[in-house]
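Read through the structure below, which is laid out as C-alpha cells, and then see the notes.
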C-alpha cells in the first residue's frame, strides 16, 4: 500500500462513517493522519497521541479488510475521545492501555453486531472479553495481571497504541511534558468534540439511545464528570485562605438558621 492509497482509504472511511454513523464519523474529524509517521517511529500497527495525531502502519493496514480498518480507526479515536490520557493518573501505561482496549472494544463489537461484521469489525489484534461488560477501564485495570499477556495478529499487538510522546501540536506536546493547563485544555477540547458528535448524531434524526449502551454510559460520564478531589480541595483552600480565618469554633446556630456558614 502506498502512502497515497492509505490517505484515500482514511478519507473514504471518515466519509462513510459520517454518513452511516455520524457520531463516530464526527469524532474522526478530530484525528490527523501523520503521513509516514508510523514507519518513522517504528510503530508496527497503529497509534494515537493525546492531541489526535494518528499513526497507521501501511504494511499492517494493507492486510486488513475494509471492515477491520473501520474498526481500527474507531478504536484509535475512542481512546482520546473518552479521556484515556487524562484518566491514566499514575497507572502503568501498558496495563492501562490494555484495560481501555477491553472497554472500548466492547463498544465497537456491539456496533459491529448491529451493522454486520462484513461492514465493520474489530481487527484480530483487538482485546475482547465479555467478562468486562459494563465495567469502566479503571475497574478493568484493577482486575488485570500486573503484566497483561501480549495479544496480536501475526505477533503484532495494539496494546502499545497510546503514544502521547508523538503529539504534533504545541498543546499536545506541553501536556505530555506535564503542563497541567495544557492537559485540561486537551480534555475540554475532546469533551467538546464528543458533545458536538452527539448533536450531529441527533441532527441526523437519531437518538442517543441508538448508540451502543457502552458508549452512552461513557458519554454521560465524560460530559457529567465527578468533581476531581484535587480541584475541589484547591478551590476550597483558595476560598478559605482568601476569606475568613480557619477556626475550630462551633458555627453560630443563628447563622446556620439564616443560611450562613
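In the working numbering, the protein residues as written are 332 to 592.
A virtual CB, placed ideally from N, CA and C, is assigned to each residue, including glycine.
Fair warning: this is a prediction, and the values are worked out from it, not measured in the lab.
Hey, how far is the Cα of residue 512 from the Cα of residue 379? Sequence index remark: in the chain shown, residue 512 carries index 181 (1-based). Sequence index remark: in the chain shown, residue 379 carries index 48 (1-based). Cα-Cα distance, rounded: 21 Å.
Taking 7 Å as the threshold (C-beta atoms), are residue 410 and residue 468 in contact? To locate residue 468, count along the chain shown from 1; it is residue 137. To locate residue 410, count along the chain shown from 1; it is residue 79. Going by C-beta atoms, residue 468 is not nearer than 7 Å to residue 410.
Excluding the five sequence neighbours on either side, which residues of its own chain have a C-beta within less than 6 Å of the C-beta of residue 499, listed in chain order? Here residue 499 refers to the residue found at position 168 when the chain shown is read from its first residue. Taken in chain order, the residues that qualify are 384.
Decide if residue 382 is buried, meaning its Cβ has at least 16 other Cβ atoms within 10 Å, or exposed. Stepping through the chain shown from its first residue, residue 382 is reached at position 51. The residue in question, residue 382, is buried, as its Cβ has 16 or more Cβ neighbours within 10 Å.
How far does the alpha helix (DSSP H) with residue 505 in it reach, from first residue to last? Translated into the one-based positions of the chain shown, residue 505 becomes position 174. That run of the alpha helix (DSSP H) goes 501–507.
Could you tell me which of 418, 529, 345 and 472 sits nearest to residue 403, measuring between CA atoms? For this step, residue 403 is matched to residue 72 along the chain shown. Here the closest residue by C-alpha is 345.
Quick check: residue 308 and residue 459, are their CB atoms within less than 7 Å of each other? With the chain covering only 332 through 592, there is no way to say anything about residue 308.
Where does the unbroken alpha helix (DSSP H) through residue 523 begin, and where does it stop? The residue given as residue 523 occupies position 192 in the chain shown. Start and end: 511–534.
Separation of residue 367 from residue 624, as counted between CA atoms: For the chain, the structure presents residues 332 to 592; residue 624 sits outside this window and is missing.
Looking only at its chain, what residues have a beta carbon closer than 7 Å to the beta carbon of residue 485, apart from the 5 residues adjacent to it on each side? If you number the chain shown from 1, residue 485 lands on position 154. Confidence at residue 485 is low in this model, with a pLDDT of 42, below 50, so the placement of that residue is unreliable and no value is reported for it.
Following the continuous alpha helix (DSSP H) through residue 467, name the residue where it begins and the one where it ends. The residue you call residue 467 lines up with position 136 of the chain shown. Neither: residue 467 is in no alpha helix (DSSP H) and is coded neither H nor E.
Ignoring anything shorter than 4 residues, give me the alpha helix (DSSP H) runs that lie fully in the segment 380–416, in order along the chain. 389–393 and 397–412
Using 8 Å as the Cβ pair cut-off and three pairs as the minimum, do the segment 414–421 and the segment 511–528 touch? yes
Are residue 309 and residue 334 close, meaning C-beta to C-beta below 7 Å? Lying outside 332 to 592, the shown extent of the chain, residue 309 is not represented and no answer is given.
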